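Report on the following structure.
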Amino acid sequence: MTSAQQPDRVQADQHPSPQSRTSLQEDERWMVRALQLALSSVGLASPNPAVGCVLVKDGTVVGEGFHAYDRLDHAEVVALRQAGEKARGATAYVTLEPCCHTGRTGPCTEALIQAGVARVVAATGDPNPQVSGKGLARLRDAGITAEEGVLRREAQEQNDAFARYIRTGMPFVTLKAGVSFDGRIAPPPGTAPIGRTTFITGEESRAEVQRMRHAADAIMTGIHTILNDDPLLTDRSGLARRRPLLRVVLDSALRLPLDSQLVRTAKDDVLIFCTIPVTDRQRALEAMGVRVERVESSPEGSRVSLRRVLERLGEMQMTSVLLEAGSQLNSSALTEEHVDRLALFYAPVFLGSVAVPLLGAVDAPQIHPDRITVDAFGRDLRVLGYLRDPWL
């Protein structure tokens, strides 16, 4: 990683005493464990956030938990139940500010208060306007020491999708692509047989892509990718998930082949957005388990409105979308400013100028990603960069 993220820290001054440094190191140690637990929520908790909690007393873990499913207990309650009476006087390390409102479950603040927890350390505040600072304030009012900011950035990155969704009602969109060193995403058109994808990147990168699919609620592509590659677009990570990965195709004229892999494997987890009226083809697709929705056209009238598609996915509680598409859809998404993050896997290969480029014409100002990190996967390099901060 070439630009390591430094943990955000809450400090009383710029020159902490050895004692305060030791305390901070201890807090970070236990928060790392809470963040590891929160990873177990990925694929299970959406549309709720991924949260982990560790209860520590006298230097020993007495309880821990993570939020597993949308309608089950939150991480704090799971940890408190495990700790029992040992929770009294303990410190709770939680990756997200405890909730103080009653939704599908009771408020975690009240559970912490009733258990007699002495101190609560939250990595970051909750972006949910219903909570935002109120949870920590409630704990302080009850006499509990409540702090925020230990490993804030790391905790926020775990819940970028939740932050974007809860603030805007729109999903967090990651544009993912495998790219050659000369900026190409596929061999020249017509050189690869349909249904036999020519991979640019190596096995390690493809395994990471499966983990990214596991973390997403939906994967989206355009009809040209389907016609050219006939992909499955499934989550093959082998990790548990609460609901199937929704496979979304933008297909304005409803050209999706009935014998495509998508249609043949559809079990109500394939959603096609089109712009044409009901046809016999739509009825045939629906009979095979494909869902079809009509939306308005884009402003120029030639394709599906990408904004309306994302709004509709937000209405369906899809908090995150992985965009794996071709040049045209990639360009449209960037031009219309629908992309939150780029994930480009660069492979050490050159495909030449006649190969398919990452982008077509991008009618937008120059794009300058922020918070760039680079990680190696085998011989490939993944470059992650944010186009906007979902927490702001």
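206 is the number that full-length UniProt numbering gives to position 206 of the sequence shown; each next residue is one higher, with no gaps.
Using N, Cα and C, we set each Cβ at its ideal position, and we do this for glycine too.
What you are looking at is a predicted structure, and each value in this text was computed from that prediction instead of being measured.
- Counting along the chain, residue 370 sits inside the beta strand (DSSP E) bounded by residues 370 to 377.
- Of the other Cβ atoms in all chains shown, 16 or more fall within 10 Å of the Cβ of residue 222; this residue is therefore buried.
- Between the beta-carbon of residue 49 and that of residue 159 there is about 5 Å, and that keeps the pair under the 8 Å contact cut.
- Per the coordinates, the alpha-carbon of residue 140 lies some 6 Å from the alpha-carbon of residue 146.
- Comparing C-alpha distances from residue 183 to each of 352, 125, 100 and 59 shows the shortest one belongs to 352.
- Between the alpha carbons of residue 177 and residue 345 lies a gap of roughly 6 Å.
- Within the DSSP bridge table, the entry for residue 56 names 61 and 91 as partners.
- Spatial neighbours of residue 255 in its own chain (CB-CB distance under 6 Å, excluding positions within 5 residues in sequence) are listed in chain order as 223.
- By DSSP's assignment, residue 46 forms no beta bridge with any residue.
- DSSP places residue 341 within a strand segment (E or B) once states are collapsed to three.
- Sixteen is the threshold: since fewer than 16 other Cβ atoms of the shown chains lie within 10 Å of the Cβ of residue 267, the residue is exposed.
- With respect to the C-alpha of residue 209, the residue from 238, 228, 131 and 289 having the closest C-alpha is 238.
- Runs of the alpha helix (DSSP H) lying entirely within the segment 90 to 160 and spanning at least 4 residues, in chain order: 108 to 115, 134 to 141 and 152 to 158.
- Taking 3 residues as the shortest admissible run, the segment 255 to 298 contains the following complete beta strand (DSSP E) segments, listed from N- to C-terminal end: 270 to 274 and 290 to 294.
- As computed with DSSP, residue 86 is found in no beta bridge at all.
- Looking at 361, 157, 186 and 150, the one whose alpha-carbon comes closest to that of residue 23 is 150.
- In the DSSP annotation of this structure, the continuous segment of the alpha helix (DSSP H) that includes residue 333 starts and ends at 327 to 335.
- The C-beta distance from residue 322 to residue 170 rounds to 15 Å, too long to meet the 8 Å contact threshold.
- For the pair of segments examined, the segment 113 to 121 was found to touch the segment 84 to 100: the number of CB pairs separated by less than 8 Å reaches three.
- Taking all protein chains in view, the Cβ of residue 25 is surrounded by fewer than 16 other Cβ atoms within 10 Å, so the residue is classified as exposed.
- In the structure shown, residue 172 adopts extended strand secondary structure according to DSSP, grouped into three states.
- Beta-bridge partners of residue 322 (DSSP): 174 and 219.
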